[in-house]
Each structure stands twice: as C-alpha cells, then as structure tokens.
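Shown next, in structure tokens, is the structure this report addresses.
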Amino acid sequence: MLLGTLLVLLLAGAAPASAHAALRASDPEDGSVVRTAPTHITLTFTESVGLLEDSFRIYGPDNRRVHMEEPEHAAGAADTARAALPRDLDEGTYTVAWRVVSADSHPVSGAFTFSIGKPSPTPPAAPQDHAEHPVTKSLYDTGRYLAYIAAALLIGTAAFAALCRPPDTGPLRAPLLFGWWTLLVTTAALLVLRAPYEKGASPLTALDVSTFPDTLSGRPGMALLARVLLLLTAALLLPVLRHRTLRTRVTAGAAFSVALALTWASAEHASAGIQVPVAMTSSVLHLLAMAAWLGGLTALLLILHRAKTPPPYDTVARFSRLAFTSVTVLVLTGAYQSWRGLGSWSALTGTAYGRTLAVKLAATVFLLLAAALSRRWTALLARPAVAEERVPALVGASGPPPEPRTTHVTTAPPEAVEPEAVHRRALRRSVLAEVVVAVAVLLVTTVLTGTLPSRAEAEAAKAPAPQVAGLPGAQALTVPYDTGTPGGSGTVQLTMDPGRVGENGLQAVVFGPQGALSSVPEIRVTFTLPSKDVGPIDAGLTDRGGYWATNDLTLPLEGAWTMKLTVRVSDIDQVTVERGVRIGR
C-alpha cells in the first residue's frame, strides 16, 4: 500500500529536477559578436561535469544543425567542456544548446547565442531540450528511494544480529534476503535507466545496448556497477564467512557496509562542491548510522513480534546503546551536511533545499521523540519486580550445628508478569511508530538528494543570466477534451518550440480526469491557415513513452493558424478540439 501510494505521488506529481551545476562562462560569450569564426566552443561550469555524446548542439542562421566533433574535457579541467567547430561557418547568429551531467549525477541543460560578423534578423531556434522525461524521472526516483530502504534494511538488520546478539535470529533472515534482493534489483534497474535519465529520453530507450559503454564510463554509472558487484561478491562470500569467528564476520560486514555506502557518497552531493574528502567521509558515516538505526529498528520490531521467545533485556539494551551512538553520529554529520548545503541561515526558508531540509529535521524530531519513548519502555523492562526467597541450607548429620545460611533466589512473582507484558506491548508500539516515521524520513531524504543545495544555488545565481538567452519563447497551450464516455475526459498540455515560422518542435502530454499522467492510443495534431488556404499540415506526433512529440513540424507562413487536436482514448472513442494559434516570425 505504501509503495503504491509512493508510485502515485511520484508519477502524478513529478516536478522538474533541480540542476546541480551551472554554466559559469562560455567562449564565445553569450550574446557576443565575434569578427571571425571561432575554432572551438568552450563551456566552464561551477563543478566538474560528465559529457554525453550529444552534449553540444549548434544551429546556424538557416536554422539547420551544424555538424561538429564529439565534445571533450579541456586538458586537466573536469569542469570545462569544449568541442571543435567547422572552419567554414557563415556570417550570422548561432544557437548553442548544451546538456551535461553534474558531478552529483543529475543532468543539466541550457542554451546561449553568439554571432559571427553581425547578428541575424531572427536567431535560430534549437528544438526544446527536455531536461527530463516525466516517466523516466519517476521510475528513477522510485528506484533511488527503494535502494535507500533496501540498504537500511540490509545493513541495519546485519548490524542488529551481529552487535545485539538476539537468541533467536530466525525472524531476521527474511529482511536480510529482502534487503539484498531489493537493493540488487533496484540498482540494476537504475543502471539500465541511467542513459535515458541523463538524456531526458523515454524509458523505452533503456535497452539500447549502444548506450551502456557511455553509462559505465561516467561516475554515476561506475558507482551503480560497483554496487552490483559488491552485492554479488557478498552473496558468494557469505557461505565461507559463516564458519569464521564472530570478529571476522563483523569485520567483513563493516568493510562491506563502508564500501556500499561509498557507492552513494561518490555519486551524489558529497562528491561535488567544497571540502569533498570531508563531505564524503561525513556522507558515509551518515548513511551507515541511518542504516544501523532505522534498519535495526525494523529488526527489533520483527524480533519483538515473531521471535519464539521474547528477546532478553540485554538484546534490547544493546540496541538502545547502538541507536544512541547512531543518533549522535547522525546529529554531527547532519549538522555538517546542513551547513555545507545551506551556506546561510536565510536559505533554510528561502530555498527549496532549505525548506525540504526543514521538513526532514521536523520528521527527525518526531523520530527522536518516539526513540525516547522506546528507551523509557526499555528501562522499565530492566526493573522487573523480584522477590527474595530464603532457603535454609542443609544441616549436617553430626557435629555442631553450623551458622544459619540462606541462599537468595531471585524470582519474578506472578504480579510482576503482567507489568512486564504491558511494557513489552508498549515497546512494540513505540518501535512501530519509529519505523513509520523512519520511512517518511527516508522519503524526504531521497527528495533532498535530488534538490539543488542552497550554496550551489547561490553560486549558480552568479553565472551568466539567463542561461537560455537567445532562444525564442515557446508557446504553451492546455486543451481540455471530453469524449463523453466514462474516464474519457482530461487535458492535453501542448508545447510548441519556438512557435514561429519554420521548423518547430511540438510536445503533447495527456492528463486524465484526476490530473494524473494518462496514456492514450493516439494523438493527432494538424494545422491549417484558412487565410492562405494552406493545410492541413499533420504534425506527425509519435509516442515517446509517456508523451507525444515531433521535432519536424514546419509551418511556412505567419498568421492565425487553426490547430485541430484529435485524442483517441479507445478503439471507437475519440474527440477533436480546435484552437487558434498565432505564428509569427
């Protein structure tokens, strides 16, 4: 149920991802006019970036794409990308559209213009670059969230079994297997989705084997591959470690956990920005402490409910100490990461990162309150009512009578059993509350890792603005439709870029009656110019896996065009809606 709710929220409410690198400078500069054609395009970013095969697209004064060499990093500068230009560029304005991958694994894109000799009357328009595909992003974000949960379950359950030493470990086998399999499957899925996520393409392109070499050459892809290999290695070594000493098993488990945490730290916020070595160390400790606490909570809950015999006080007390240590580490590393990400107190309320962090902090406070309640019930379990029974020692058959001796036997009288049962039930409820709040904390953490840090946002504000200067504004329309059948209504969001005479891109996203993304068998869009008796011109939309689009719509004349939108929702049910569209030069 929780997973279903999460999927609905992610699919229906997907918002544009925040980019974590900003364009610091370009050569030629945005809007500049140069006398002679440059030999290279050079872009410098606020942090190191990964390059794609299609990272640079340049469009000439005739609105045609200029063929150029594959981009590469400048010598010794991971934050600088460059590509060689042809030598025979014509006079006029050129539009440069770029797309790179930030050091923390998030794709970022933009565009700018420059002119050779003199500006063109109308700057060329690059087709709209989708920073993300809504379905691909939703699937990728869901995979990241499930990976966090699986890692916490796997590491935390193993730590609980090794450090808290419950007498009955049978209930822990299921969460260990579930955590391992879920982490393996979600990581493999993230690896497959990595290429379409970086390119903003449909998930249907994920199985294109030609993209895998590029994926595995980038830092995020290498981190995901390393995680898969770690999980497989752990599965192979587990039968061998079962026959080793507890110390050896604990050491091997700690090394595996640190290596696993590094696969996150090396490809997210900690790997970019200031103080990278300290940040990555803090990130590893933060993730391990989170897993030991939250995963251990789940293990304790299972032991309390499913163990054949109730766990002794020592087991619960050991976890209480482990949880206290984990919380201390979380507070220290969390404070450092908050300072590193925010940069100022005002950012806590003035930026998306700060507001998301505030939500996480509030949820963590509730989690600490529940943890304090659990510690209280744990302490009460340590003080069961006891009675001392004096048992006379045996007296010998001969000799003088010895001094009276007594043996103290500690027993729990019947009246002590009921309070103990009450305390155990209360402990189960408080631990369950902790687990529920912990799931919410993990969800907010996943959102936080996909949000632009406030410090980076402030640095991005110093970059050239606007980063999409020179691109004509796109036209956007929201068109409602209703076929008159149950579930046959909704809206279509259409974006035409640039919405001018000549070649245009057209994208259509369908939303159902409840506002969620909807899939329909067919969408057709045609354009007619009645005043010039031109048309109908079929846009030729194709299904891109979650939305419909084309980059080859050519409207030859300016004027008041009539757009006809046909939406087919079944084999027999469809509706056509007309809208006026103004096309200028």
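Each residue of the sequence shown is one higher than the one before, counting from 598 in our numbering.
Don't be surprised by glycine CBs; every beta carbon is placed ideally from N, CA and C.
No experiment lies behind these values; they were computed from the predicted model shown.
| Query | Result |
| --- | --- |
| Through-space distance from THR710 to PRO716, alpha-carbon basis | 10 Å |
| Cβ contact check for the region 798-806 and the region 829-840: 3 or more pairs under 8 Å | no |
| Closest Cα partner of GLY740 within the set ALA749, ASP765, VAL782 | VAL782 |
| Helix, strand or coil at SER712 [DSSP, three-state] | strand |
| Same chain only: Cβ atoms within 6 Å of TYR933, ignoring 5 sequence neighbours per side | SER879 |
| Collapsed DSSP secondary structure at VAL1164 in the structure displayed | strand |
| Counterpart residues of ARG1176 in DSSP-defined beta bridges | MET1160 |
| Check whether PHE775 and LEU750 have beta carbons under 8 Å apart | yes |
| Inter-residue spacing [alpha-carbon to alpha-carbon] between GLY818 and THR906 | 45 Å |
| Element boundaries [beta strand (DSSP E), containing ASP811] | It is not in any beta strand (DSSP E) - ASP811 instead sits in the alpha helix (DSSP H) that spans 809-814. |
| Paired residues, beta bridge with TRP1075 - DSSP | In the sequence under discussion, the amino acid at residue 1075 is Thr, which differs from the Trp named in the question. Per DSSP, GLN1090. |
| Straight-line gap, GLY1109 to THR1088 (C-alpha atoms, nearest Å) | 7 Å |
| Three or more C-beta pairs below 8 Å linking the region 680-688 and the region 625-639 | yes |
| Residue interval of the alpha helix (DSSP H) (run including TRP777) | 770-796 |
| Residue interval of the alpha helix (DSSP H) (run including ALA858) | 843-862 |
| Rounded C-alpha distance that separates GLY1181 from ARG661 | 19 Å |
| Cβ-based neighbour list, LEU1029, same chain, cut-off 8 Å, excluding 5 preceding and 5 following | LEU898 |
| ALA1037 in three-state terms, based on DSSP | helix |
| Beta-carbon spacing of THR1151, GLY1099 below 8 Å | yes |
| Close beta carbons around LEU1068, own chain, < 6 Å, minus the five adjacent residues each side | Residue placement at LEU1068 cannot be trusted, given a pLDDT of 40 that sits under 50; what the coordinates show is reported in the next sentence. Excluding sequence neighbours, LEU1068 sits near ALA708. |
| Three-state secondary structure (DSSP) of ASP911 | helix |
| PRO989 to ILE746 span [Cα, whole Å] | Bear in mind that a pLDDT of 41 at PRO989, under 50, signals an unreliable position, so the number given afterwards is only what the model happens to contain. Approximately 58 Å between the Cα atoms of the pair. |
| Where PRO704 falls: helix, strand or coil (DSSP) | strand |
| Beta-bridge pairing of VAL1107 - partner residues as DSSP gives them | VAL1089 |
| CA nearest to the CA of GLY1156, picked from VAL1164, HIS664, SER1128 | SER1128 |
| GLN934 - partner residues in DSSP beta bridges | None; GLN934 has no bridge partner. |
| Distance between PRO909 and ALA920 (C-alpha atoms, nearest Å) | 17 Å |
| Assumed close pair VAL1131, LEU1154 - CB separation to whole angstroms, cut-off 8 Å | 6 Å |
| First through last residue of the beta strand (DSSP E) which encompasses ARG1121 | 1119-1126 |
| Neighbour-count burial assignment, PRO763, 16 or more Cβ in a 10 Å radius | buried |
| Where TRP936 falls, given that 16 or more other Cβ within 10 Å makes a residue buried | exposed |
| Cutoff 6 Å; reference PRO1061; Cβ partners in own chain excluding five residues on either side | Here the model assigns PRO1061 a pLDDT of 47, short of 50, so the residue's position is not dependable and the matter cannot be decided. |
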